[in-house]
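First residue of the sequence shown? That's 1290 in this note's numbering, and the numbers climb one at a time after it.
Here is the structure we will look at.
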Amino acid sequence: TILVTRPAEQSAGLSRMIREAGGIPFVFPAIEIREPSDPERLADILDRLENFDLAIFVSPTAVARAFEYLDANEDWPKNLAVAAVGQGSAWALKVSGIDKVIAPTDQSDSEALLALPELQKVAGKRIVIFRGEGGRELMAQTLAQRGATIEYAECYRRARPETDVAPLLQQQGRLAFSAMVLTSRESLTNLREMLGDAWGAFASVPVFVPHERIAEAARQLGMKSIHVTSGGDAGTMQAMIKFFRP
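Following this line, the structure appears as structure tokens:
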């Protein structure tokens, strides 16, 4: 039984893959995606898309939410280049009709995207970054240092769900989780806060995370068995299968 902590709308694909591999997914979102605090600001940026040289998407959620706000009759500007921090976001863009995407293939983070040749000479470029409210500033700071003008298009905000943890505790007591999947430090922190004094029962569950930053946060919270995977659902599944079938 695998605990999947992704937002509800993002858990279907991984849950299907877990079932296909013979496991049982238990979906308990530890993070919730909500509307942006300032939708008018987002609408203004979307109305000015043709004025930018490059649009960067930091997550599949950013892709989904941005295209929800785009006018159904409005085409993506032909001269606006598109980049994504990983293959998951690149795939979401392809589904949304954008085939040509600048994205790293071996890693899914800001550092990997910033290392690509296409993002080295950006002096004088106007760049819009689609993301959730808050988050890391590395992308914007680095591109600004390279001479680009940056704007944020914040198209969603993250929140801790107000969810009863009783079903989660009952499952852990009845048939302990074999593993859990955590995809952000925020979801890890939220889960810790939601569980309260019951956290100790989960600290020994093997956890699979897509980045070392999340792994370090898990160590600080006392988790014992932490496994960093390659990006995307396929990388997560590959790591779990290897763990259970050495």
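Note that the Cβ used here is the ideal one computed from N, Cα and C, for glycine as well.
Span of the beta strand (DSSP E), counted from its first residue to its last, around isoleucine 1439: 1438-1448
State buried or exposed for alanine 1412, treating a residue as buried only when at least 16 other CB atoms are found within 10 Å of its CB. exposed
Sequence ranges, alpha helix (DSSP H) only - wholly within the region 1360-1428, length at least 4: List check, alpha helix (DSSP H) in window: 1376-1384, 1399-1403.
How about valine 1470 and alanine 1442: are their beta carbons less than 9 Å apart? no
Proximity below 9 Å, CB of threonine 1525 to CB of leucine 1303: yes
Cβ-based neighbour list, valine 1494, same chain, cut-off 6 Å, excluding 5 preceding and 5 following: Phe1466, Met1469
According to DSSP, simplified to helix, strand and coil, what is arginine 1308? In the structure shown, arginine 1308 adopts helical secondary structure according to DSSP, grouped into three states.
Indicate the three-state DSSP secondary structure (helix, strand or coil) for proline 1328 in the structure shown. Three-state DSSP puts proline 1328 in a helix.
How is valine 1517 classed by DSSP in three states: helix, strand or coil? Here valine 1517 sits in strand by DSSP.
Taking C-beta to C-beta, are arginine 1447 and valine 1347 nearer than 9 Å? no
Suppose the cutoff is 7 Å on Cβ atoms and the five residues either side in sequence are ignored; what does the same chain contact list for glutamate 1501 look like? Same-chain partners within the cutoff: Val1517.
Contact set for serine 1300: own chain, Cβ-Cβ below 8 Å, skip 5 residues either direction: Setting aside the 5 residues that flank it on each side, serine 1300 is surrounded in the same chain by Val1293, Pro1314, Val1316, Pro1318, each with a C-beta closer than 8 Å to its C-beta; the list follows chain order.
Alpha-carbon to alpha-carbon, glutamine 1509 and phenylalanine 1567: Residue 1567 falls outside the range modelled here, since the chain spans only 1290 to 1535, and no answer is possible.
For proline 1314, which beta-bridge partners are listed by DSSP? Ile1291
Rounded to the nearest angstrom, what separates methionine 1512 and leucine 1369 at their Cα positions? 43 Å
Give a yes or no on whether the C-beta atoms belonging to alanine 1351 and alanine 1372 are separated by under 9 Å. no
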